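Shown next, in structure tokens, is the structure this report addresses.
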Amino acid sequence: MASGFSAYLRRDLLLAYRRRGDAASPLIFFIMVSTLIPLGITPESARLAEIAPGIIWVMALLATLLSIDAIFANDYQDGSLEQLLISPHLLAMPVLGKTAAHWMVTGLPLTLASPLLGVMLSLPAQGYVPMVASLALGTGCLSLIGSVGAALTVSLRKGGLLLSLLVMPLYMPVIIFGSATVQSAIDGFAWSGPLAILGAMLAASIALCPLAAAGALRITSVN
Amino acid sequence: MPKLSLLTVEQLCFERDDRHTFEPIDFAVDRGEIMQVEGPNGSGKTTLLRLLTTALQPSSGAIIYAGQPITLCRYEYLSDILYLGHQSAVKMNLTAAENLRWMATGGIDSTRDALSAVQLSGYDDVPCYNLSAGQQRRVALARLFMTNAKLWFLDEPFTAIDKQGVSLLENCLREHVKRGGAVVLSTHQDLAIDGLRKTSCVPHADQGAL
Chain R
21 MASGFSAYLR
31 RDLLLAYRRR
41 GDAASPLIFF
51 IMVSTLIPLG
61 ITPESARLAE
71 IAPGIIWVMA
81 LLATLLSIDA
91 IFANDYQDGS
101 LEQLLISPHL
111 LAMPVLGKTA
121 AHWMVTGLPL
131 TLASPLLGVM
141 LSLPAQGYVP
151 MVASLALGTG
161 CLSLIGSVGA
171 ALTVSLRKGG
181 LLLSLLVMPL
191 YMPVIIFGSA
201 TVQSAIDGFA
211 WSGPLAILGA
221 MLAASIALCP
231 LAAAGALRIT
241 SVN
Chain E
1180 MPKLSLLTVE
1190 QLCFERDDRH
1200 TFEPIDFAVD
1210 RGEIMQVEGP
1220 NGSGKTTLLR
1230 LLTTALQPSS
1240 GAIIYAGQPI
1250 TLCRYEYLSD
1260 ILYLGHQSAV
1270 KMNLTAAENL
1280 RWMATGGIDS
1290 TRDALSAVQL
1300 SGYDDVPCYN
1310 LSAGQQRRVA
1320 LARLFMTNAK
1330 LWFLDEPFTA
1340 IDKQGVSLLE
1350 NCLREHVKRG
1360 GAVVLSTHQD
1370 LAIDGLRKTS
1380 CVPHADQGAL
């Protein structure tokens, strides 16, 4: 059962490595947009610092959304999803493996690159640690929740817009508590509260989302 | 007590968008048998094979594996089948050997041996996007040498395969049924296999309302 998890994790990481250009595009998008913000709004550090937590979190969300539909779409097109569906093992484990691979290719690099963006957006010094911590937990939630939406829309030809509409409401709590973590730290309050809620959301997502995505794949693949 | 067939299909029907795809189908396949599914384009051969793999759910009728409906022995059934569809599940960005490693479920251990069995020796480390359509198909067919599955469902396995490849595949099927396996395949080719049994998909009489 665990072998389904690690097999698909390794497979998807290998595939992402073979298509490095595609895999890097969410990160490039994340960095590019965040570079444009000071140019478009103001280079004044006091005003940038005010909006920095929100901007970084919105960008992380959009970067995830940009790449999440590919999580099952490629496998659907070449028939490997069908092979996965008729394997005798529990479907949720490979789905969790694929989602973990997606996080390692998008969420993790975003988290690691975020201090750089903090510098560009003049994030106050006390905001860095909470930002990295909240992004590490929060991007995991985004990948997991997104996998359910991707599974529901996998058989649609143009599922991109529907996918955004489906997962956006579920992303809202993540972005609220994510940016609240950073904002509380900047304002000098304790930031462990919102971070703990993010952690709880991640735990719930790990437990529930693979099951929901597996169920959704079974329903949508019947066409 | 009547002899139990390995796989029995009883009055199998499938509806899509309130349309019957084909007339109810009955057939039985036993160990050592090859069943060829015939029928014109659009008669539901692929649908039938996907129903057999449980990728689709029948609207009525039953699929019985070794005396038990497959809904009751799902794990055993799915562990014993191999399905090769139109879309071959070959990842273009992986090499031939890597592809096989993901798909293998037993049989020959070495991807090298399986690839040489389909005459792709030396292509182990070539990314599949550099292979021709026929060679990609052969990579998918190499799975047949790396499996312990008893029951094979092959959907148009001869697509894009040259004459030599066809006879190679026929040999592979003969070997498999000799070992006590069974095959259900759809193809428009005339196969040179002794004891080949046939069943046909007939488009439903009133292609329309129920």
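So the protein lines, in turn, are chains R and E.
Residue numbers 21 to 243, in the working numbering, belong to the letters of the first sequence in order.
Residue numbers 1180 to 1389, in the working numbering, belong to the letters of the second sequence in order.
Where is the CB? At the ideal position from N, CA and C, for every residue including glycine.
Since this is a predicted model, take the numbers as computed values, not measurements.
- For residue 99 of chain R, there is no enclosing alpha helix (DSSP H), as DSSP marks it with neither H nor E.
- Residue 1206 of chain E: member of the beta strand (DSSP E) spanning 1204-1208, first to last residue.
- Within the stretch 103-121 of chain R, the residues whose Cβ lies closer than 7 Å to any Cβ of chain E are, in chain order, 103, 105, 106, 107 and 108.
- Beyond the five residues adjoining it in sequence on each side, residue 1298 of chain E comes within less than 8 Å, by CB distance, of 1317, 1343, 1344 and 1347 in the same chain, given in chain order.
- Taking 7 Å as the Cβ-Cβ cut-off, the stretch 1218-1238 of chain E approaches chain R at 1232, 1233, 1234, 1235 and 1236, given in chain order.
- By alpha-carbon distance to residue 49 of chain R, the top candidate from R:35, R:126 and R:33 is R:126.
- The beta carbon of residue 172 of chain R lies closer than 7 Å to those of 186, 236 and 240 in the same chain, with the five residues before and after it left out.
- Cβ contact annotation for residue 144 of chain R (same chain, cutoff 7 Å, sequence separation greater than five): 69 and 206, in chain order.
- Nearest CB-CB separation between residue 199 of chain R and chain E: not below the 8 Å threshold.
- Taking C-beta atoms under 8 Å as the contact rule, residue 24 of chain R and residue 113 of chain R qualify, at a distance of about 4 Å.
- Per the Cβ contact rule, the stretch 1260-1268 of chain E is in contact with the stretch 1309-1325 of chain E (3 or more Cβ pairs under 8 Å).
- Nearest to residue 152 of chain R by alpha-carbon distance, out of R:166, R:129 and R:165, is R:129.
- Close to chain E, meaning a Cβ-Cβ distance shorter than 7 Å, are the following residues of the stretch 35-47 of chain R: 35, 38 and 39.
- Residue 174 of chain R is positioned such that its CB atom lies closer than 8 Å to that of residue 92 of chain R.
- DSSP places residue 1342 of chain E within a helical segment (H, G or I) once states are collapsed to three.
- DSSP, read as helix, strand or coil, puts residue 1240 of chain E in strand.
- The beta carbon of residue 1362 of chain E is closer than 6 Å to those of 1213, 1331 and 1352 in its chain, skipping five residues each way along the sequence.
- Only residues of its own chain outside the window of five on either side were considered, and among them 25 and 230 have a CB closer than 7 Å to the CB of residue 116 of chain R, listed in chain order.
- With fewer than 16 neighbouring CB atoms inside 10 Å of its own CB, residue 1327 of chain E falls in the exposed class.
- Remark: three or more beta-carbon pairs, one from each stretch, lie closer than 8 Å, so the stretch 180-197 of chain R and the stretch 153-168 of chain R are flagged as touching.
- At least 8 Å separates the CB of residue 1276 of chain E from every CB of chain R.
- Separation of the CB atoms of residue 1270 of chain E and residue 104 of chain R is rounded to 13 Å, and the pair is thereby denied contact status at 8 Å.
- In terms of Cβ geometry, residue 154 of chain R and residue 119 of chain R do not form a close pair [threshold 8 Å].
- For residue 1189 of chain E, the uninterrupted beta strand (DSSP E) run begins and ends at 1186-1192, by DSSP.
- Interface annotation, residue 60 of chain R: not in contact with chain E, CB-CB separation never under 8 Å.
- Counting only Cβ-Cβ distances below 8 Å, residue 174 of chain R has no contacts in chain E at all, with the closest Cβ about 14 Å away.
- Here residue 1309 of chain E is exposed, its C-beta having fewer than 16 other C-beta atoms within 10 Å.
- Contact check for residue 1381 of chain E against residue 1189 of chain E fails: the beta carbons are separated by 8 Å or more.
- Only exposed fits residue 1350 of chain E, as fewer than 16 other CB atoms lie within 10 angstroms of its CB.
- The alpha helix (DSSP H) runs lying completely inside the stretch 1232-1308 of chain E and spanning 4 residues or more are 1253-1259, 1275-1282 and 1290-1296, given in chain order.
- Here the C-alpha atom of residue 1268 of chain E lies approximately 20 Å from the C-alpha atom of residue 1341 of chain E.
- The continuous alpha helix (DSSP H) containing residue 199 of chain R extends over residues 180-206.
- Shortest Cα-Cα distance from residue 135 of chain R to any of R:32, R:51 and R:226 involves R:51.
- For residue 1365 of chain E, the enclosing beta strand (DSSP E) stretches over residues 1361-1365.
- Bounds of the alpha helix (DSSP H) holding residue 49 of chain R are 40-60.
- Per DSSP, the beta bridge partners of residue 1377 of chain E are E:1215.
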